[in-house]
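To start, the structure under review is shown below, and the notes come after it.
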Amino acid sequence: MDTQGKIDMVVKKHEATGKYITVRGIKTFLLDSGSGEAIVCIHGVPTSSYLYRKMVPSIAAKGFRGIAIDLPGLGLSERPENFNYKFSNFGDFMAEALEELGIDKYHLVVHDIGGPVGFSLAAKNLEKILSLTLLNTMVDIKNFKKPLVMRAFEKKILGEAELKSITHATWPIMFSKMGVNHSSRVPDEEIKAYVDLLKREDNGKAFLKIMRNFEQTEEFQKLCATSFKNVDYPVQAIWGEDDPALNIDQYGEDVKKMTDAQQIIPLSSRHFLQEEVPEEIVEHIIEQAKSAY
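Residues in the sequence shown are numbered consecutively from 647, following the numbering used here.
Here it is as structure tokens:
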């Protein structure tokens, strides 16, 4: 089987392990496995529920219900032209998706821009949150500066050119530099599947809209802060300690200063820690979930 055939098989396998629901008329893909209390995992960019494909089964095996939903415009979910690709609207969309799934209370796990998406969700649904886990994300959203590698996407023409340059040949290089410490541990076709899941249907146009619609107002910052400071549920941070983009010294310090998290739990990985240390992450999430009462 050629390389593209192997990548197609990876994507098909991923799709087969999940299901689709309809939210606001949008065909939405998710991973949903297990029973018991729900642990809802929110992804960032340029990823999807695919990043949690190792964690969701592990969560289910430990007696919880693992959920990871593809945000509109990413992964296997539809990419409507007229969708509002802002953090707060994503948060509202997630609330509607969870309602569609019949999930009332849940533990929340957020990564990358899934942070502000999840914070918005939690801030408007505080009574439903059982615990909050931060994975390599930003809490000082108002003052967040995109890493150099992501800034080009903000600009028209330059962003389109940068997106076009993400291919099966170039992505593994970025993946090894930014994503994980040991890319050899992830099969080549699984790495390259990220490209197909990013660009399918619209060649990544929705992704560019997301990158150009970051909400960084004082009002949104204050809203998000109500989800991670002076809250009634436990908050923790787990960090890929070698992340060159959201480094633990700067962003971890923000977490210590601005949230109720008592400590930063460092794990040996870079930005995509779900790829390298999924079991360790799940263990910490489950430990906090069990101590939430």
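Ideal Cβ placement from N, Cα and C applies to all residues, glycine included.
For K665, the first and last residue of its enclosing beta strand (DSSP E):
K665 to V669
For the ligand NAP, any of its heavy atoms closer than 8 Å to the Cβ of Q867?
No copy of the ligand NAP appears in this structure; indeed no ligand is present at all.
| request: Taking 8 Å as the threshold, find out whether the segment 685-694 comes into contact with the segment 708-720 through three or more Cβ pairs. | output: yes
Leaving out five residues before and five after M904 in sequence, what residues of the same chain have Cβ atoms less than 6 Å from its Cβ? V785
Original post:
Shortest alpha-carbon distance to I932 belongs to which of V755, K801, A743 and I667?
Top reply: V755
Taking DSSP's pairing of strands, which residues face D678 in a bridge? I713
Between the segment 772-783 and the segment 873-893, can you find at least three pairs of beta-carbon atoms closer than 8 Å? yes
Q. Can you tell which of K700, P726 and F736 has its C-alpha closest to the C-alpha of F860?
A. F736
### Task
Check the C-beta distance from S829 over to S822 and give it rounded, since I have them as a contact under 8 Å.
4 Å
I'd like to know whether the C-beta atoms of V826 and E921 end up nearer to each other than 9 Å. yes
Got a sec? Which residues, its chain only, sit under 7 Å from Y698 by beta carbon, not counting five neighbours each side? L677, C687, H689, A714 and Q920
(request) Quick one: grab the DSSP three-state call for P793. (result) coil
Problem set entry | Local conformation of L780 per DSSP, three classes | strand
Legend entry - Local Cβ density within 10 Å of R631, reported as buried at 16 or more and exposed below that: Absent from the structure is residue 631, since the part of the chain shown begins at 647 and ends at 939.
Check: In the DSSP assignment, what residue or residues form a beta bridge with Y752?
Finding: A684 and I775
Report task. Using the Cα positions of L869 and T863, report the straight-line distance between them to the nearest angstrom. Result -> 10 Å
**Q.** Straight-line Cα distance separating K788 from Q867
**A.** 6 Å
Please go through the same chain and pick out, in chain order, the residues whose beta-carbon is closer than 8 Å to the beta-carbon of D878, but skip the five residues on each side of it. L772
- Message: Once DSSP output is grouped into helix, strand and coil, what is the label at I653?
- Response: helix
Open item on the list: With H, G and I counted as helix, E and B as strand and the rest as coil, what does DSSP make of D758?
Closed with: strand
Problem set entry | Three-way DSSP call (helix, strand, coil) for G886 in this model | strand
Open item on the list: I'd like the list of long-range same chain contacts for S734, defined as Cβ closer than 7 Å, with 5 residues on each side in sequence excluded.
Closed with: S766, E861 and F866
- Query: Between K708 and A741, which are expected to be in contact by the criterion C-beta below 8 Å, what is the C-beta distance as a whole number of angstroms?
  - Reply: Contact flag wrong, Cβ pair sits at about 25 Å.
Among all the DSSP beta bridges, which residues are the ones paired with K673? T668
*asked:* I'd like to know whether the C-beta atoms of V795 and E746 end up nearer to each other than 9 Å.
replied: no
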